[in-house]
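J.: First, the structure itself, so that you have it in front of you.
Number of protein chains: 2
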Amino acid sequence: MYTIGEVAKLVGVSTHTLRYYEKENIILPDRNEHGERKYTESHLQWLKFVLKLKETQMPITKIKEYAYLYSEGEHTAINRLKLLEDHKSSIETQLKTLEETNNMLEHKITSYKEKILKRKEN
Amino acid sequence: MYTIGEVAKLVGVSTHTLRYYEKENIILPDRNEHGERKYTESHLQWLKFVLKLKETQMPITKIKEYAYLYSEGEHTAINRLKLLEDHKSSIETQLKTLEETNNMLEHKITSYKEKILKRKEN
DNA sequence: ATAGTGGTTTGAGTAAACTCTAAGTCAAAT
DNA sequence: ATTTGACTTAGAGTTTACTCAAACCACTAT
Chain D
4 MYTIGEVAKL
14 VGVSTHTLRY
24 YEKENIILPD
34 RNEHGERKYT
44 ESHLQWLKFV
54 LKLKETQMPI
64 TKIKEYAYLY
74 SEGEHTAINR
84 LKLLEDHKSS
94 IETQLKTLEE
104 TNNMLEHKIT
114 SYKEKILKRK
124 EN
Chain H
4 MYTIGEVAKL
14 VGVSTHTLRY
24 YEKENIILPD
34 RNEHGERKYT
44 ESHLQWLKFV
54 LKLKETQMPI
64 TKIKEYAYLY
74 SEGEHTAINR
84 LKLLEDHKSS
94 IETQLKTLEE
104 TNNMLEHKIT
114 SYKEKILKRK
124 EN
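Here the protein sequences line up with chains D and H, keeping their order.
Whatever position you read off the first sequence (first residue = 1), add 3 for the working numbering.
Whatever position you read off the second sequence (first residue = 1), add 3 for the working numbering.
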């Protein structure tokens, strides 16, 4: 069981963000006798998954949608599958763009280096 | 020479966005006798480059910085090189995250499919 | 000649995702 | 006993990157 501060440190987000995610029904930790948030190992796993989705540009609204479907139980599995498949295809698009741009930068960088070298030769 | 509307269509952004980029000194087209913006082929190339940077998560402030350096001439080449190298390394980080997440989704998706299949067998 | 289309400006408004503030509770340490 | 530090809440404020509104101008088509 982790406090909000521990979780924040562990995953690298602020406590503000964790409370915000809770307000948005993305992650709903338990509470102790003082009303303080308590995150279990499985909350932590879920949070890490959420952060991966976020890092790969899934908007919070979509993440909320997925969280909602999950909370609704087994019969939403098809919807969740669809959502993940859509995101996977978005990731593949992003991979293409990044690879293209990476190549472009590779070229630009080499030509910049040549230009600077030639300038130094004078 | 392209009008703002033509450029917008060609690259897939709104005219609003193009005017916004101009206000931010990212792309400064010519003007005709009526004060209307005229984009040359090289403005278009620059814009496409800018959009690639944006699609690969470079923030507008960094893009502005690059545009500013470019406008300052040859002696800023080293700074531009540095900026592009930094961005390239950001792209490589993104590629890693995307690939990892893609694999994770691959697994999740197959297990969802199995789960749904098994349910249908009943 | 008037309606439509596409351009202009300044400045305000919006959406997303936090991020911070104020005012408070609680438990441990000095 | 009081300070410190970590937690609580509701609600306001911020940043980024647009996006829209209002009021205007110029050309074309009916």
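Glycine residues also receive a C-beta, built at the ideal position from the N, C-alpha and C atoms.
From the beta carbon of ILE119(H), is the nearest beta carbon of chain D less than 8 Å away?
T.: By this cut-off, ILE119(H) is an interface position.
J.: Between the segment 64–80 of chain H and the segment 56–74 of chain D, can you find at least three pairs of beta-carbon atoms closer than 8 Å?
T.: no
J.: Taking GLU58(D) as the query, report the chain H residues whose CB atoms sit under 9 Å from its CB, ordered along the chain.
T.: Correct list: GLN97, THR100, LEU101 and THR104.
J.: Could you spell out where the alpha helix (DSSP H) holding VAL53(H) opens and where it closes?
T.: 44–58
J.: Cβ of ARG40(D) within 8 Å of Cβ of ILE66(D)?
T.: no
J.: So VAL14(D) and LEU50(D) are in contact, right, with Cβ under 8 Å, and what is the actual spacing, rounded?
T.: 6 Å
J.: Counting Cβ pairs closer than 8 Å, one from the segment 106–122 of chain D and one from the segment 15–27 of chain H, do we hit at least three?
T.: no
J.: Identify the contact partners of ILE112(D) in chain H, using a Cβ-Cβ distance below 8 Å as the criterion.
T.: Contacts between ILE112(D) and chain H, judged by CB atoms closer than 8 Å, involve LEU84, LEU87, GLU88 and LYS91 in chain order.
J.: Using alpha carbons as the reference points, say which of SER45(H), TYR115(H) and GLU95(H) lies closest to HIS78(D).
T.: Measuring from the Cα of HIS78(D), the nearest candidate turns out to be TYR115(H).
J.: With burial defined as no fewer than 16 other Cβ atoms inside 10 Å of the residue's Cβ, what is the status of HIS46(H): buried or exposed?
T.: buried
J.: Is the Cβ of ALA70(D) closer than 8 Å to any Cβ of chain H?
T.: By this cut-off, ALA70(D) is not an interface position.
J.: Within its chain, find whatever has a CB closer than 8 Å to the CB of LEU98(D); leave out the 5 residues flanking it on each side and keep chain order.
T.: none
J.: Around the Cβ of ARG122(D), are there at least 16 other Cβ atoms within 10 angstroms (buried) or fewer (exposed)?
T.: exposed
J.: For LEU101(H), count neighbouring Cβ atoms within 10 angstroms of its own Cβ and tell me buried if that reaches 16, exposed if not.
T.: The residue is buried, with at least 16 neighbouring Cβ atoms inside 10 Å.
J.: Work out the CA separation of GLU68(D) and VAL10(D) for me, nearest whole Å.
T.: 23 Å
J.: What's the gap between the Cα of LEU140(H) and the Cα of ILE81(D)?
T.: Any question about residue 140(H) goes unanswered here, given that chain H covers just 4 to 125.
J.: Hey, how far is the Cα of LEU86(H) from the Cα of THR96(H)?
T.: For LEU86(H) and THR96(H), the distance between alpha carbons rounds to 16 Å.
J.: Since TYR115(H) meets chain D, which of its residues come closer than 8 Å, beta carbon to beta carbon?
T.: ALA80, ARG83, LEU84 and LEU87
J.: Locate the alpha helix (DSSP H) running through TYR73(D), then write down its first and last residues.
T.: Where TYR73(D) is concerned, the enclosing alpha helix (DSSP H) stretches over 63–75.
J.: Taking only the alpha-carbon atoms, compute the straight-line gap between TYR42(H) and LEU54(D) and give it to the nearest angstrom.
T.: 41 Å
J.: State the CB to CB distance for the pair LYS26(H) and ASN105(D), rounded to an integer number of angstroms; the pair is presumed to be in contact (CB under 8 Å).
T.: Actually they do not touch by this definition, with Cβ atoms about 30 Å apart.
J.: By the criterion of Cβ-Cβ separation under 9 Å, what are the contact partners of ILE94(H) in chain D?
T.: LEU101, GLU102, THR104, ASN105 and LEU108
J.: For TYR23(D), list the residues DSSP reports as bridge partners.
T.: Answer is none; TYR23(D) lacks a bridge partner.
J.: Taking the alpha-carbon positions, what's the PRO32(D) to GLY76(D) distance?
T.: Roughly 18 Å between the two C-alpha positions.
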